[in-house]
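J.: If you're matching them up, the sequences are chains S and G in order. Counting the first sequence from 1 gives a position; my numbering is that position plus 15. Counting the second sequence from 1 gives a position; my numbering is that position plus 20. Before I ask anything, here is the structure I am working with.
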Amino acid sequence: MMMQMMQQLIPAGLATELIYSFVIILCSLLIYYSTKEIYKLSSYKGLKYFREAFFFFALVYFFKSFIRFFIFFLGRKEIFEIASSLGNLSLFIFIYASSIAVFYLVYSVMYKKWNHEKTIIPTLHITAVIIALISMITRSSRIILGIEIILFISLTIITFISHKNTKKPNNLRFIYLLILIFFFLNIIDLITPNFRAFQIFIYLFSIAIFIGILYKVLRKVGG
Amino acid sequence: MRKRNKLEIIKDILEIIQFYHNSIKPTPLLRKSNLSSTRFKEYYNEMLEKEFITETQSKSGKCIHMTDKGNMFLEKYQTIINFIDEFEL
Numbered sequence: 016m017m018m019q020m021m022q023q024l025i026p027a028g029l030a031t032e033l034i035y036s037f038v039i040i041l042c043s044l045l046i047y048y049s050t051k052e053i054y055k056l057s058s059y060k061g062l063k064y065f066r067e068a069f070f071f072f073a074l075v076y077f078f079k080s081f082i083r084f085f086i087f088f089l090g091r092k093e094i095f096e097i098a099s100s101l102g103n104l105s106l107f108i109f110i111y112a113s114s115i116a117v118f119y120l121v122y123s124v125m126y127k128k129w130n131h132e133k134t135i136i137p138t139l140h141i142t143a144v145i146i147a148l149i150s151m152i153t154r155s156s157r158i159i160l161g162i163e164i165i166l167f168i169s170l171t172i173i174t175f176i177s178h179k180n181t182k183k184p185n186n187l188r189f190i191y192l193l194i195l196i197f198f199f200l201n202i203i204d205l206i207t208p209n210f211r212a213f214q215i216f217i218y219l220f221s222i223a224i225f226i227g228i229l230y231k232v233l234r235k236v237g238g
Numbered sequence: 021m022r023k024r025n026k027l028e029i030i031k032d033i034l035e036i037i038q039f040y041h042n043s044i045k046p047t048p049l050l051r052k053s054n055l056s057s058t059r060f061k062e063y064y065n066e067m068l069e070k071e072f073i074t075e076t077q078s079k080s081g082k083c084i085h086m087t088d089k090g091n092m093f094l095e096k097y098q099t100i101i102n103f104i105d106e107f108e109l
């Protein structure tokens, strides 16, 4: 009886989305808080941006499920059909936080090579704001898709070129690449309704990646 | 000689203080840290700011001591390094 009532209130698709977002938010916040002590002691910049990337990931997935709930609540098909200021603000924060999360993750592994922190960080924020504004003004999934694809390709190329001479064998770059791929797929999943056939696949792989990173983090910090 | 990074230098300075039973004067600390006086001052001020070390003044002059936070840094140093290494930060 209770289950039936719940199913009427929250359809299976939305419930899956909420559970999925909850797992990712939990993993991201656990990564953020479990590294707090070693960051406080070391004040290491790479660690700072690594942690903040996961904080922004948590924010992104919170807004993703919020937008999904909002779309469901208003009975719309996609975010662009919501003309209210709350819809616009949610989309703006979602796109801005998505870009910053990815920028910070890339910067955490690149900051030794990119020394100009005082100019790079504001530039990254300005770029994220511009991307979010373009998304909000154009309200076109094709334009957002185009921007995200360009961003993804550029970041992947930059990171791989910069680390191609690293002799140390490490599968981490592959994991970061998977994060980027699935993170962008998550954005596409939200802005393109036709993409939802791949949802379960995206959700399962995203969860596996975040749990894998959380496991690595907890093992290293002794949590 | 291999160039030490910032975290390694802080660890080395704290280990010197620890080796001298948690009390050492600034001049021998500077000498044993293998740093120029300018760089030593930078690290010294940073460690004071982070509360890894404290200063006391006695009749015989200024003495440097390691705090609990400094001790915690030494305990966690390997964890921090392993983490940075593992995640290529």
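Every residue gets a Cβ at the ideal spot worked out from N, C-alpha and C, and that includes glycine. Computed from a predicted structure; not experimentally measured.
Output, in chain order, the set of chain G residues within a Cβ distance shorter than 7 Å of S/Phe-65.
T.: Taking the first sequence and counting its residues from 1, the one referred to as residue 65 of chain S is at position 50. Phe-107, Leu-109, listed in chain order.
J.: What are the start and end residues of the beta strand (DSSP E) that includes G/Gly-81?
T.: What you label residue 81 of chain G is simply residue 61 of the second sequence in a count that begins at 1. Start and end: 81-86.
J.: Report buried or exposed for S/Phe-175, applying the criterion of at least 16 other Cβ atoms within 10 angstroms of its Cβ.
T.: Residue 175 of chain S sits at position 160 when you count from the first residue of the first sequence. Classification of S/Phe-175: exposed, given that the 10 Å Cβ count is below 16.
J.: Helix or strand or just coil, what does DSSP make of S/Thr-50?
T.: Along the first sequence, one-based indexing puts residue 50 of chain S at 35. Three-state DSSP puts S/Thr-50 in coil, outside helix and strand.
J.: Would you list the residues sitting across from G/Ile-44 in a DSSP beta bridge?
T.: Against the second sequence, residue 44 of chain G aligns to sequence position 24. Partner(s): G/Ile-84.
J.: Report the three-state DSSP secondary structure of G/Glu-108 (helix, strand or coil).
T.: Here residue 108 of chain G refers to the residue found at position 88 when the second sequence is read from its first residue. Of the three classes helix, strand and coil, the one that applies to G/Glu-108 here is coil, per DSSP.
J.: Measuring alpha carbon to alpha carbon, tell me which of S/Ile-206, S/Val-75, S/Ser-58 ends up nearest S/Val-117.
T.: Taking the first residue of the first sequence as 1, we reach residue 117 of chain S at position 102. Residue S/Val-75 is the option with its Cα nearest to S/Val-117.
J.: Given that G/Thr-99 touches chain S, what residues does it touch there, using C-beta distances under 8 Å?
T.: The residue you call residue 99 of chain G lines up with position 79 of the second sequence. Those are Ile-53, Lys-235, Val-236, Gly-237, listed as they occur along chain S.
J.: What is the rounded straight-line gap between the Cα of G/Tyr-63 and the Cα of G/Thr-87?
T.: For the purposes of this step, residue 63 of chain G is taken as residue 43 along the second sequence, with counting starting at 1. For the purposes of this step, residue 87 of chain G is taken as residue 67 along the second sequence, with counting starting at 1. Going from the Cα of G/Tyr-63 to the Cα of G/Thr-87 covers about 16 Å.
J.: If you drop the 5 nearest sequence neighbours on each side, which residues of the same chain put their C-beta closer than 6 Å to that of G/Lys-31?
T.: Here residue 31 of chain G refers to the residue found at position 11 when the second sequence is read from its first residue. Result list for G/Lys-31: Tyr-97, in chain order.
J.: Can you grab the Cα-Cα spacing for the pair S/Leu-45 / G/Leu-55, in whole Å?
T.: On the first sequence, position 30 is the one that residue 45 of chain S refers to. On the second sequence, position 35 is the one that residue 55 of chain G refers to. Distance between the alpha carbons of S/Leu-45 and G/Leu-55 is about 39 Å.
J.: For S/Gln-214, I'd like the list of residues in its chain whose CB is within less than 7 Å of its CB, leaving aside the five on either flank, ordered along the chain.
T.: Reading the first sequence from its first residue, position 199 is the one you call residue 214 of chain S. Once the five neighbours on either side are set aside, the close Cβ partners of S/Gln-214 are Asp-204.
J.: Under DSSP, the beta strand (DSSP E) around G/Glu-71 begins and ends at which residues?
T.: Within the second sequence, residue 71 of chain G is the residue found at index 51, counting from 1. Unbroken run through G/Glu-71: none, as it is neither H nor E.
J.: To the nearest angstrom, report how far apart S/Ile-206 and S/Ile-165 are at their CA atoms.
T.: Position 191 of the first sequence, counting from 1, holds the residue named residue 206 of chain S. Position 150 of the first sequence, counting from 1, holds the residue named residue 165 of chain S. Taking the straight line from one Cα to the other gives about 16 Å.
J.: Can you confirm whether S/Lys-133, when its beta carbon is compared against all beta carbons of chain G, has any partner nearer than 8 Å?
T.: Mapped onto the first sequence, residue 133 of chain S falls at position 118. By this cut-off, S/Lys-133 is not an interface position.
J.: With 7 Å as the limit, tell me which residues of the segment 59-91 of chain S have their beta carbon closer than that to any beta carbon of chain G; keep them in chain order.
T.: Taking 7 Å as the Cβ-Cβ cut-off, the segment 59-91 of chain S approaches chain G at Tyr-59, Gly-61, Leu-62, Phe-65, given in chain order.
J.: In the DSSP assignment, find the unbroken alpha helix (DSSP H) run with S/Tyr-111 in it and report its ends.
T.: The residue given as residue 111 of chain S occupies position 96 in the first sequence. S/Tyr-111 -> alpha helix (DSSP H) spans 100-125.
J.: How far does the alpha helix (DSSP H) with S/Tyr-59 in it reach, from first residue to last?
T.: By 1-based counting over the first sequence, the position of residue 59 of chain S is 44. Element bounds for S/Tyr-59: n/a, residue is neither H nor E.
J.: What number of angstroms, rounded off, separates the C-alpha of G/Ile-33 from the C-alpha of S/Glu-163?
T.: In the second sequence, residue 33 of chain G corresponds to position 13, counting from 1. In the first sequence, residue 163 of chain S corresponds to position 148, counting from 1. G/Ile-33 and S/Glu-163: Cα-Cα distance of roughly 47 Å.
J.: Where S/Ile-196 and S/Ile-173 are concerned, what is the direct C-alpha to C-alpha distance, given to the nearest angstrom?
T.: Position 181 of the first sequence, counted from the start, is the residue given in the question as residue 196 of chain S. Position 158 of the first sequence, counted from the start, is the residue given in the question as residue 173 of chain S. Cα to Cα, the separation comes out at about 15 Å.
J.: For G/Ile-29 versus G/Leu-49, is the C-beta distance shorter than 8 Å?
T.: To locate residue 29 of chain G, count along the second sequence from 1; it is residue 9. To locate residue 49 of chain G, count along the second sequence from 1; it is residue 29. No, they are not a contact pair.
J.: If you compare alpha carbons, which of S/His-140, S/Ile-202, S/Val-124 is closest to S/Tyr-191?
T.: Here residue 191 of chain S corresponds to residue number 176 of the first sequence, with the count starting at 1. In terms of Cα proximity to S/Tyr-191, the closest of S/His-140, S/Ile-202, S/Val-124 is S/Val-124.
J.: Nearest CA to the CA of S/Ser-80: which residue from S/Ile-108, S/Leu-62, S/Ser-99?
T.: Along the first sequence, read from residue 1 onward, the residue named residue 80 of chain S stands at position 65. Looking at the Cα atoms, S/Ile-108 is the closest of the given residues.
J.: I believe S/Lys-55 touches S/Glu-132 by the beta-carbon criterion, under 8 Å. Please report the beta-carbon distance rounded to the nearest angstrom.
T.: Here the question's residue 55 of chain S lines up with position 40 in the first sequence. Here the question's residue 132 of chain S lines up with position 117 in the first sequence. 19 Å between Cβ atoms; not a contact.
J.: For the alpha helix (DSSP H) holding S/Ser-150, just list the boundary residues, first then last.
T.: For the purposes of this step, residue 150 of chain S is taken as residue 135 along the first sequence, with counting starting at 1. Unbroken alpha helix (DSSP H) run through S/Ser-150: 132-153.
J.: Please decide whether G/Ile-104 counts as near chain S, where near means a Cβ-Cβ distance under 8 Å.
T.: Counted from its first residue, the second sequence places residue 104 of chain G at position 84. Chain S contact via Cβ: present.
J.: Could you check the C-alpha separation between S/Lys-127 and S/Ser-58 for me, to the nearest Å?
T.: Along the first sequence, read from residue 1 onward, the residue named residue 127 of chain S stands at position 112. Along the first sequence, read from residue 1 onward, the residue named residue 58 of chain S stands at position 43. Roughly 14 Å separates the two Cα atoms.
J.: Could you compute how far the alpha carbon of S/Tyr-64 sits from the alpha carbon of G/Ser-80?
T.: On the first sequence, residue 64 of chain S is found 49 positions in, with the first residue counted as 1. On the second sequence, residue 80 of chain G is found 60 positions in, with the first residue counted as 1. Looking at the two C-alpha atoms, the distance is approximately 45 Å.
J.: I believe S/Lys-235 touches G/Thr-99 by the beta-carbon criterion, under 8 Å. Please report the beta-carbon distance rounded to the nearest angstrom.
T.: Sequence index remark: in the first sequence, residue 235 of chain S carries index 220 (1-based). Sequence index remark: in the second sequence, residue 99 of chain G carries index 79 (1-based). With 8 Å as the limit, S/Lys-235 and G/Thr-99 qualify as a contact, their Cβ atoms being about 7 Å apart.
J.: Going by DSSP in three states, G/Ser-78 sits in which element: helix, strand or coil?
T.: What you label residue 78 of chain G is simply residue 58 of the second sequence in a count that begins at 1. G/Ser-78: strand per DSSP, three-state reduction.
J.: Is there a Cβ from chain G that is less than 8 Å from the Cβ of S/Val-124?
T.: Residue 124 of chain S sits at position 109 when you count from the first residue of the first sequence. S/Val-124 counts as touching chain G.
J.: Please report whether the beta-carbon of S/Leu-56 lies at a distance below 8 Å from any beta-carbon of chain G.
T.: Residue numbering aside, residue 56 of chain S sits at position 41 when the first sequence is read from its first letter. Taking Cβ atoms only, chain G reaches closer than 8 Å to S/Leu-56, which makes this a yes.
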